[in-house]
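Positions 952 to 1900 (our numbering) are the ones given, in order, by the sequence shown.
Since the structure comes first, as structure tokens, the remarks are kept for the end.
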Amino acid sequence: MRTDSFALRHIGPKESNLQDMLQTIGLDSLEQLIYETIPDDIRLKSPLNLPPALSEHQYAEHIGKLAAKNKVFKSYIGLGYHQSILPAVIQRNILENPGWYTAYTPYQAEIAQGRLEALLNFQTMVSDLTGMEIANASLLDESTAAAEAISLLYALRDRKQKKENVNKFFVSEEVLPQSISLIETRAIPLGIEIVVGNHEEFEFSEQYFGALVQYPGKSGQVFNYADFIAKCQDAGIKTAVAADILSLVKLQAPGELGVDVVVGTTQRFGIPLGYGGPHAAFFATKEEYKRNIPGRIIGVTKDMDGNQALRMALQTREQHIKRDKATSNICTAQVLLAVMAGMYAVYHGPNGLKYIADTVHASAVSLEKELKELGFDQVNSTYFDTLQIKANASSVKEIAEKKEINFFYPDAETVLISLNETTNLEDLNNIVAVFAQLAAKETTPLEELSEEEKIPAELKRKTDFLTHEVFNTYHSETELMRYIKKLERKDLSLNHSMISLGSCTMKLNAASEMLPLSNPQWGNIHPFVPVDQAEGYHFVLRELEKQLNEITGFSATSLQPNSGAQGEYAGLMVIRAYHESRGEGHRNICLIPSSAHGTNPASAVMAGMKVVVTKASENGNIDVDDLREKAIEHKDNLAALMVTYPSTHGVFESAIREITTIIHDNGGQVYMDGANMNAQVGLTNPGVIGADVCHLNLHKTFAIPHGGGGPGVGPICVAEQLKPFLPGNPVVKTGGEQAIGAISSAPWGSSLVCLISYGYIKMLGSKGLQKATEYAILNANYVKERLNEHFKTLYSGERGRAAHEMILDCRPFKANGIEVTDIAKRLIDYGFHSPTVSFPVAGTLMIEPTESESKAELDRFCDALISIRKEIEETSADDTDNMLKNAPHTVAMLTSDEWKFSYSRQKAAFPLDYIADNKFWPSVRRVDEAFGDRNLMCSCPPTEEYAEA
Ligand SMILES: *Cc1c(COP(=O)(O)O)cnc(C)c1O
């Protein structure tokens, strides 16, 4: 037997565990289990047509060769993407550290204080630099953040504006082209009319509810918007500014002008370009709009003992609650990247950032002088880092590319040059050489940077920023390394124990999949370079598309969406474009089963559809009669069904083909939410069940780490008829022949992390992928049977089997005064992260073990739950003196001189034997959710408050 196969490293249970596990389930073979789990009529007849698996070592060689096919030129293209320097201490201790990248979204705040603090730093940094009162903890990219700003301002129209349906929104032509494309895509279904123009010629009419400008503009000019914003305010027009975060170190903060929203990307704070992403965007606004902020916000609160603690604030705004009333569908964002960008600010501090911004500006000033001496005109009167040179673009391009330099060429007579943190004197002289050659002139090399400033006094930043201690303490590597470690220790990640999050598929993120991300030949490619410089990327992206086509049974894939929810939106927009192309643009009804994930209805509304909810039958399946009735009732306007398969109840519904046929018979298309694809790969697929489009969460099924809440990649895979409409990009050609507008800033979304999924599929191959699915189903059914006597599983398939996850009913324990949250928190004392709480059914836990967990880990987890079940028996409704209500237990509490509870400290902290060997200590006691929302505080609190608490 080969022992170097990656499948052996990825799949948890050993062959020798198989019989034991099957025996627990009551079966003889894995085939029998799969037979009893997946309906016959949707089983694949042949194995996936994928090349044989590579070993980890073979893959390292393979991906190394592909990396060498990318040409790493010096890119001065700008347009929201700049080469930056990722400090090695951050690369090694965060980007390359599973303690950070395998963490889950911080829903269990008590075991997530580390990343919550890192995100609070990020929010504080953004608030400070933008001059705004409140910032969220990252969005997907600058363009979607700008679109979110427009949605927020639209929702905030006053009564009169709403009554008169004021629906025009002004977008400056100086806004980045990818943002304009994306905004136009987003605006159509909402009925917002986008007017693009010159802000200096804008008529401040009451027909507009909002306006967006870019600061500095895309051509590098720093406009003084004070007048523009004041006039907007007078006309009742709310304003948003898309700002370059590094420029804000030197420029007046937009917040000081009274703008309503500031957005942008934090990519240039140490994040690799990665041919487009992932990077964290920021979104900052006024305190009074806090309830409308998209995405997640971290807030300060206190724990049961009154100690300061952090948590995600205002959770009630999440789509799960608001569903089709939600104004945004953001779920997964870019947490790991926000953590890194925030840490970049912690490491450099205000002085370091000033030095970087000053140097970038000085480089631009010096370059301008040189180019002027050569006789070239520079158009921007005020700039931060970008020069606009008048020259023959094609001649410059030819010379520059020979010298391995990229500029941006907006038209035949203009060259844009954006300088960055990495630009040194040698680089500047190389740029000068391009123009000297064009002018056929000699130059003397630049030997030092100019000290002149090109920013007029009224535009200069006069306010302090990053004054908080956290940005002024950790500037040596030793100090930062220890700070990062201190935070990491507070968080439970996959490098401690299993995270059995139903629907989120927290599987192994293998080191061999992650390693290539650190290679600058992947990292340092700007998304708008000529495609022939990204040959390695295009090979991988094309292959990944083919792999995903094969796995889904579809014809084409777009890798552009940066999360599952963005995939949903993209897929529905593609369906919309398809109906329109057939003269059926009136089709706008979207059927969604009641058990759907909250992003489904939110995405449908963003795509301009009307949500009609269909019922669940008693056994948790889609009520086919109700669905048929509604499909027929709406047959003239039916656009789509959104269905999750296997269902969010963890069941392969046998009626699925009947369901998809009903939708097609009534003129609709079927959208399959692919979050549960881990139960399908190699055994069945969305094509076979009759779907037309699905998204995949590469950050769930295909091994991209969760990063504490992102990055994500949510590609859509489509059937032939939808292929022409796959999303495009205004700068680099991509997508279908009749492409819908951009869904993300970058043409191929977060290309860098696509390497992970590519590697996952390459190293598992056809057999390994199928085996992974079979073991995911095996592990789930093993857990189900082991827990059977102690917890009721809510739903099963017709032959009594779960798919890859199951829902445990915790509602009966209310009789003992125990809520599902108490069980979730008590699991922390046992060293485990809770499964999904109260989704899709309130009062339940949804467990998804994944194939990567060994039998030993599954057994520990089951032992923990069974032990907790016994503890529940010992509690009563009116008694709060128990281990569940008080969970989790901290060291401080257990070692305190005072112990006022009836149970022992030993039982509280070490209820089972295995725990002592690998104890995880939560850093705070149970956090007070309500207090935090009532006293919202979303930036680093003054240090005295830490001391007081
Ligand atoms: C995770 C998930 C989504 C949303 O995906 P994001 O990447 O978080 O946007 C949608 N549907 C289901 C069923 C999911 O589990």
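Where is the CB? At the ideal position from N, CA and C, for every residue including glycine.
Being a predicted model, the structure only gives us computed values, none of them experimental.
> Using a threshold of 7 Å, is the CB atom of G1663 nearer than that to any non-hydrogen atom of ligand 1?
Replying inline: yes
>> Just to confirm, is the Cβ distance from A1693 to S1279 under 8 Å?
In response: no
> Considering only residues of the region 1115-1172, which uninterrupted beta strand (DSSP E) runs meet the minimum length of 3 residues and lie entirely inside it, listed in chain order?
Replying inline: 1119-1123, 1144-1148, 1159-1166
> On the three-state DSSP scale, how would you describe P1301?
Replying inline: helix
>> Can you list, in chain order, the residues of its chain with a C-beta nearer than 7 Å to that of N1837? Leave out the 5 residues immediately preceding and following it.
In response: F1852
> If you measure from each residue's Cβ to the nearest non-hydrogen atom of ligand 1, which ones come out under 7 Å, in chain order?
Replying inline: C1282, T1283, S1454, C1455, S1514, G1515, A1516, Q1517, E1519, H1548, T1550, N1551, T1595, T1599, D1624, A1626, N1627, N1648, H1650, K1651, G1663, G1665
> What residues in its chain sit with their C-beta under 7 Å from that of V1564, if we drop five residues either side in the sequence?
Replying inline: I1543, S1545
> Quick one: what does DSSP say C1183 is sitting in, helix, strand or coil?
Replying inline: helix
> Smallest Cα separation from R1533: which of G1618, S1369, A1100?
Replying inline: G1618
> According to DSSP, is A1898 helix, strand or coil?
Replying inline: No answer about A1898 holds up, because its pLDDT of 46 lies below 50 and its placement is not dependable.
> Nearest CA to the CA of N1588: which residue from P1002, I1526, K1437, T1550?
Replying inline: I1526
> So, G1633 versus T1724, is the Cβ gap smaller than 8 Å?
Replying inline: yes
> Any heavy atom of ligand 3 closer than 7 Å to the CB of I1540?
Replying inline: Ligand 3 is not part of this structure, which contains only ligand 1.
> Around the Cβ of R1493, are there at least 16 other Cβ atoms within 10 angstroms (buried) or fewer (exposed)?
Replying inline: exposed
>> By the three-class DSSP mapping on this structure, what secondary structure does Q1689 have?
In response: coil
> What residue does the alpha helix (DSSP H) around D1577 start on, and which one ends it?
Replying inline: 1575-1584
>> Tell me the rounded alpha-carbon separation between T1373 and K1353.
In response: 20 Å
>> Helix, strand or coil, according to DSSP, for T1429 in the structure here?
In response: helix
> If V1043 and A1461 are in contact, beta carbons under 8 Å, what's the gap, nearest whole angstrom?
Replying inline: This sequence places Arg at residue 1043; Val is not what is there. Not confirmed; about 18 Å, so no contact.
>> Runs of 3 residues minimum, wholly inside the region 1788-1855: which ones carry the beta strand (DSSP E) assignment?
In response: 1795-1798
>> Buried or exposed for V1792, going by 16 or more other Cβ atoms inside 10 Å?
In response: buried
>> So, does the region 978-990 touch the region 1026-1037, judging by three or more C-beta pairs under 8 Å?
In response: no
>> If distances are taken between C-alpha atoms only, which option among Q1285, A1177, V1126 comes closest to V1704?
In response: Q1285
> Looking at N1343 and E1364, is the spacing between their C-beta atoms short of 8 Å?
Replying inline: yes
> Can you tell me whether DSSP reads H961 as helix, strand or coil?
Replying inline: helix
> Just curious, the alpha helix (DSSP H) that V1564 is in, first and last residue?
Replying inline: Here V1564 belongs to no alpha helix (DSSP H); instead the beta strand (DSSP E) covers 1561-1565.
> In chain order, which continuous runs of the alpha helix (DSSP H) of length 4 or greater are located wholly inside the region 1604-1654?
Replying inline: 1607-1616, 1637-1640
>> Just to confirm the assignment, what range does the beta strand (DSSP E) spanning Q1259 have?
In response: 1259-1263
>> Using only CA atoms, which one of P1205, T1053, T1252, K1253 lies nearest to A1235?
In response: P1205
> For R1920, which of H1646, L1835, E1007 has the nearest alpha-carbon?
Replying inline: Here the chain has residues from 952 to 1900 only, and residue 1920 is not among them.
> Does Q1034 get closer than 8 Å to chain C when you measure Cβ to Cβ?
Replying inline: The structure shown contains no chain C, having only a single protein chain.
> Are the beta-carbon atoms belonging to I1540 and F1024 less than 8 Å from one another?
Replying inline: no
>> For the region 1080-1098 against the region 1207-1219, do three or more pairs of beta-carbon atoms, one drawn from each stretch, fall closer than 8 Å, so that the two count as touching?
In response: yes
> Taking three-plus beta-carbon pairs below 8 Å as touching, is the region 1042-1058 in contact with the region 1648-1660?
Replying inline: yes
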